Amino acid sequence: MTEHSPQKADGLFARLARARPTKPGEIYGVPGHGNTLWLSVGSIAVFFFVWWLVTYMGWVKPLFVPSPAAIVSKFVAIWNDGYTGTPFLEHVWISTVRVFGAFLLACVIGLPLGLAMGMSPMMRGIFDPPIEFYRPIPPLAYLPLMIIWFGIGETSKVLLIFLSVFAPVVLGARSGVKSAAIEQIHAAYSFGATRWQVMRHVIMPSAMPEILTAMRIGIGFGWTTLVAAEMVAATKGLGYMVLSASQFLQTPVVIMGIFVIAIIAFAFDLFMRFVERRLVPWKGRM
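Counting from 1 along the sequence shown, just add 8 to a position and that's the residue number in our numbering.
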């Protein structure tokens with residue numbers, strides 16, 4: 009009996025230690041895989057609770073951090089009565105048109121240019137230096153030039169936002185071209201594909217994940233630049249609301265404007281994630 013007990017013990021231990029097969033992406037699969045919805049909801053709830061607690065206990069003066077109820081009350085008042093004689097939705101519409109107009113223009117020009125730079129050393133040599141030169145410069149630095157060259161109308165505002173979006177879109181498209189495996193390109197050519205067919209069926213699908221990521225980053229830069237763009241003799245827009253309210257220490261209006269900008273930008277980011285799942289479902293699974 010004593011000779012067989014270690015065997016039984018080993019067998020029992022082996023059965024207990026045996027685990028179910030690992031699902032794809034659970035441990036050794038895609039890094040970061042998993043549903044984070046409830047964690048996100050929890051973090052938002054904690055943020056608003058701490059905000060409410062700080063204001064309720066009076067630890068910070070309302071001039072610096074108004075309560076959530078004050079922000080909601082101010083939002084309702086501006087929704088009903090407008091701001092500086094302009095309806096709230098008109099402020100939202102004007103800022104949205106400026107940002108998305110500049111974004112669409114940057115995509116129409118920047119995506120083909122970025123793909124051309126990725127495909128052609130000549131195009132890369134011509135356009136890479138000026139793009140890399142202006143890319144790290146803050147928009148406020150060349151804002152005076154926009155005013156001098158294009159005046160204080162809509163052109164200077166849209167162009168300022170366009171420049172902030174343009175560089176990320178171009179560089180994302182250029183980087184995406186390098187995502188195509190050389191084996192796939194050679195295989196396509198060996199089957200008689202033309203250069204355009206290789207571009208369309210091999211390079212573009214490989215580049216799409218980086219292009220969509222660059223578009224998401226670019227629209228973020230566009231909303232970031234909105235406030236700077238609406239410093240230029242603007243009388244309408246969300247950026248104008250934030251700047252105007254800050255001059256009169258209307259902190260609830262400032263925070264409300266920031267929240268509205270963030271909600272619009274986040275909604276578009278969710279839309280881009282949806283498009284990404286539809287267009288490049290293989291992203292992160294190869």
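Glycine included, each C-beta is placed from N, C-alpha and C at the ideal position. Everything numeric in this text was worked out from a predicted model, so none of it was measured.
Check, Outcome
"Starting from Tyr91, follow its DSSP beta bridges and name the residues at the other end.", "Thr94"
"Whose C-alpha, out of Met207, Leu47 and Ser252, is nearest the C-alpha of Ala189?", "Met207"
"Can you give the Cα-Cα distance for Leu24 and Asn43, rounded to whole angstroms?", "Its pLDDT being 47, under 50, Leu24 is placed unreliably in this model, and the coordinates cannot settle the point."
"Please confirm whether Leu167 and Phe158 have their CB atoms less than 8 Å apart.", "yes"
"In whole angstroms, give me the CA-to-CA distance for Leu287 and Phe72.", "44 Å"
"Considering just the uninterrupted stretch of the alpha helix (DSSP H) at Lys165, what are its terminal residues?", "Glu162 to Val185"
"Check for me: the alpha helix (DSSP H) holding Trp46 runs from which residue to which?", "Leu45 to Tyr64"
"State yes or no: is the C-beta of Val240 within less than 8 Å of the C-beta of Val250?", "no"
"Would a C-beta distance cut-off of 8 Å place Ser75 and Trp60 closer than the cut-off?", "yes"
"So, Ala114 versus Phe174, is the Cβ gap smaller than 8 Å?", "yes"
"With 16 other CB atoms within 10 Å as the buried threshold, where does His99 fall?", "buried"
"Measuring only the C-alpha atoms, how far is Met9 from Trp290?", "Because Met9 carries a pLDDT of 46, less than 50, the predicted location of this residue cannot be relied on, and the following value inherits that uncertainty. Going from the Cα of Met9 to the Cα of Trp290 covers about 57 Å."
"Leaving out the 5 sequence neighbours to the left and right, which residues in its chain are closer than 6 Å to Ala17 when beta-carbon positions are compared?", "Because the pLDDT of Ala17 is 49, which lies under 50, any placement of that residue in the model is unreliable, and the number read from its coordinates should be weighed accordingly. No residues qualify anywhere along the chain."
"Give the range of the alpha helix (DSSP H) segment to which Met264 is assigned.", "Thr259 to Leu287"
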